[in-house]
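When we follow my numbering, the leftmost residue of the sequence shown carries the number 49, and every step to the right adds one.
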Amino acid sequence: MKYVRAENVLPDSIIEIIQDYIDGEYLYIPRKKGNEKSWGEKSGTKDSLKARNEEVFKSYKQGFSIKELCEKYYLSESSIRRIIRSGELTSKEKQQKL
């Protein structure tokens, strides 16, 4: 989220009305319904975490131990176990669709 100066996007009449309610304070204006973006969509974080998690699961399937994966990806054991569980569930769902 970035800040935009009201004078650059709103008519003076609207700024004056807003100032009647909140003068000199920050105001957050949410996106319109239907224009919302999900977490990580804009920055690409969601996609990079998904790729990392797929790589962790693939490494686990190739025989890497949980301890090795913790050291390789700098994650806790519980995080690695969560990623593996998620990967196993995804694999089962794919098999059931076939």
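For each residue, glycine too, the CB sits at the ideal point set by N, CA and C.
Computed from a predicted model, the values in this text were never measured in an experiment.
Task: Nearest-angstrom Cα separation, counted from LYS98 out to GLU141 - done: 17 Å
Open item on the list: Nearer than 7 Å: is that true of the beta carbon of PHE105 relative to any heavy atom of the ligand ZN?
Closed with: Absent from the structure shown: the ligand ZN. Ligands present: none.
Task: Cβ neighbour criterion (16 or more within 10 Å) applied to ASN101 - done: buried
TODO: Could you check the C-alpha separation between SER126 and ASP68 for me, to the nearest Å?
DONE: SER126 and ASP68: Cα-Cα distance of roughly 51 Å.
TODO: Could you check which residue in VAL104, ARG133, ARG130, LYS90 has the C-alpha nearest to that of LYS120?
DONE: VAL104
TODO: Express the C-alpha separation of GLU55 and GLU84 in angstroms, rounding to a whole number.
DONE: 24 Å
- [ ] Look at the Cβ atom of LEU137, then the Cβ atom of ILE128, and state whether they are nearer than 8 Å.
- [x] no
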